[in-house]
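Enquirer:
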Amino acid sequence: MTIQQKAYLALTATCLIWGTTYMVNKIGVSHIHPVLFSACRQILSGLSILGYCFFYKKMPWPDTSYLKFQMFLGLVLISIGNGVGVLGLSYIDSGLAAILAAFSPLIIALLTTYLHPEDRLSSLGWTGVWIGFLGVYFICSSKLDWNGIEFNSNLGILLTVLSVVAWGAGSVVSKTRSFHYAPIMTSGFQMIFGSIPMILYSVFFVDINDVSVNSEGLISFFYVVIFGSIVAYSAYVYTLKHLPAIVAGIQSYINPIIAIILGYFVLSENVTADMLLGSVAVILGVFLVNYSQYRKGRS
65 MTIQQKAYLA
75 LTATCLIWGT
85 TYMVNKIGVS
95 HIHPVLFSAC
105 RQILSGLSIL
115 GYCFFYKKMP
125 WPDTSYLKFQ
135 MFLGLVLISI
145 GNGVGVLGLS
155 YIDSGLAAIL
165 AAFSPLIIAL
175 LTTYLHPEDR
185 LSSLGWTGVW
195 IGFLGVYFIC
205 SSKLDWNGIE
215 FNSNLGILLT
225 VLSVVAWGAG
235 SVVSKTRSFH
245 YAPIMTSGFQ
255 MIFGSIPMIL
265 YSVFFVDIND
275 VSVNSEGLIS
285 FFYVVIFGSI
295 VAYSAYVYTL
305 KHLPAIVAGI
315 QSYINPIIAI
325 ILGYFVLSEN
335 VTADMLLGSV
345 AVILGVFLVN
355 YSQYRKGRS
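Numbers in my numbering are just positions in the sequence shown, counted from 1, shifted up by 64.
#1: How should Y46 be labelled, buried or exposed, when 16 other C-beta atoms within 10 angstroms of its C-beta is the threshold for buried?
#2: Excluding the five sequence neighbours on either side, which residues of its own chain have a C-beta within less than 6 Å of the C-beta of G220, listed in chain order?
#3: As a quick exercise: from L111, G149 and V140, pick the residue whose alpha carbon is nearest that of V93.
#4: Apply the 10 Å Cβ neighbour rule to F269 and answer buried if 16 or more other Cβ atoms are within range, or exposed otherwise.
#5: Is it right to say W125 is buried, meaning 16 or more other beta carbons lie within 10 angstroms of its own, or is it exposed?
#6: Going straight from the alpha carbon of L198 to that of T128, what length do you get?
#7: Can you name, in chain order, every residue of its own chain whose Cβ lies under 6 Å from the Cβ of G292, other than the five neighbours on each side?
#8: Quick one: give me the first and last residue of the alpha helix (DSSP H) that L282 is part of.
#9: With G327 and G159 assumed to form a contact (beta carbons below 8 Å), what rounded beta-carbon distance in angstroms separates them?
#10: Between L226 and Y72, what straight-line distance do the alpha-carbon atoms span, to the nearest angstrom?
#11: Are the segment 249-258 and the segment 169-189 touching, with three or more C-beta to C-beta distances below 8 Å?
#12: Mind listing, in chain order, the continuous alpha helix (DSSP H) runs of no fewer than 4 residues lying wholly within the segment 226-307?
#13: Per the contact definition of three or more C-beta pairs closer than 8 Å, is the segment 275-293 in contact with the segment 97-111?
#14: Suppose you measure from the CA of T177 to the CA of S259; what does that come to, to the nearest Å?
#15: Please confirm if the segment 228-236 is in contact with the segment 131-145, defined as three or more CB-CB distances below 8 Å between the two stretches.
#16: For V353 and D274, what's the separation of their Cα atoms in angstroms?
#17: For the alpha helix (DSSP H) holding M135, just list the boundary residues, first then last.
#18: Once you ignore the five residues that flank V301 on each side, which residues in its own chain have a CB closer than 6 Å to its CB?
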């Protein structure tokens, strides 16, 4: 199997696993404070990965420039991209959060155009961006209430959008530097560094008495640790190393579909016509952006 084939296999695993984690995270944060939930998940996953790298595989300790770069990416991708996103998920449905996360490839496309002018979008790509923006408007229109009646819903959407922008930015910035270290080590360090701000937040602002641990909460926690973090995140980092960032963003096609189906049938979440119309527009927009890049690469 070639490296590119492995990268596409890793991308497939990322799509399938992360599509389920919206529902699982939603269940988990109903028992444990979202920031504490995410912090414990990332620190345990990161320690497991680095333990494998250094004690089992005997990998050499990386240099300072690599560690500084991963510290920055950990803050952007994990602390904000994941931690803030899970916090937003405590206020909105898992399906809605997944649809908003599908906006990430459009952010990636815009930032790629800015940081790499040679990869600027074609007219077809820009059409996709505007269709995607229109889709997000339809998705949010039925949920946002600026009169403050649905403050929690507004806050959840804003936090989710912030996490999506951070995730897109981190994905693009990660492509600006190349290191010879294994992708799995990279994911481990990013998890460790990204968990530190969340741990500090939990120490000062989370009341441990509000934590309710039962079998449902524990199953949710270990599912996202093993599959959501160790397996899927490592696979995503591997995908980013060997495929363009805009291709890695394809996982956002699949995640919302899986999340909406599971949210509707398992969590009895409401699905509105605006959400469905908006999700179709976002997915179409992401497809057009990716297709424009693919067509340009073929020319």
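Here a beta-carbon is modelled for each residue, glycine too, at the ideal position from N, C-alpha and C. No experiment lies behind these values; they were computed from the predicted model shown.
Expert: Looking at the atomic coordinates:
#1: Not covered by the structure: residue 46. The range shown for the chain is 65 to 363.
#2: Residue numbering aside, residue 220 sits at position 156 when the sequence shown is read from its first letter. Only G152, Y155 and I156 meet the Cβ criterion.
#3: Along the sequence shown, one-based indexing puts residue 93 at 29. The residue with the shortest Cα to Cα distance from V93 is G149.
#4: Within the sequence shown, residue 269 is the residue found at index 205, counting from 1. Under this definition F269 is an exposed residue.
#5: Stepping through the sequence shown from its first residue, residue 125 is reached at position 61. That one is exposed.
#6: Within the sequence shown, the letter at position 134 stands for residue 198. Within the sequence shown, the letter at position 64 stands for residue 128. Whole-angstrom Cα-Cα distance: 43 Å.
#7: Position 228 of the sequence shown, counting from 1, holds the residue named residue 292. If we look at G292 and ignore the five residues flanking it on each side, its Cβ neighbours are T85.
#8: Here residue 282 corresponds to residue number 218 of the sequence shown, with the count starting at 1. Segment S279 to Y287, the alpha helix (DSSP H) holding L282.
#9: Here residue 327 refers to the residue found at position 263 when the sequence shown is read from its first residue. Here residue 159 refers to the residue found at position 95 when the sequence shown is read from its first residue. With a Cβ gap of about 4 Å, G327 and G159 count as contacting.
#10: In the sequence shown, counting from the first residue as 1, residue 226 sits at position 162. In the sequence shown, counting from the first residue as 1, residue 72 sits at position 8. About 28 Å.
#11: no
#12: 247-269, 279-287 and 296-306
#13: yes
#14: The residue labelled residue 177 in the question sits at position 113 within the sequence shown. The residue labelled residue 259 in the question sits at position 195 within the sequence shown. Their Cα atoms are separated by approximately 30 Å.
#15: yes
#16: Residue mapping note: residue 353 aligns to position 289 of the sequence shown, counting from 1. Residue mapping note: residue 274 aligns to position 210 of the sequence shown, counting from 1. Going from the Cα of V353 to the Cα of D274 covers about 44 Å.
#17: Here residue 135 is taken as the residue at index 71 of the sequence shown, counted from 1. From DSSP, the alpha helix (DSSP H) with M135 extends over T128 to L137.
#18: Reading the sequence shown from its first residue, position 237 is the one you call residue 301. Cβ neighbours of V301 beyond the five flanking positions: P247, T250 and S251.
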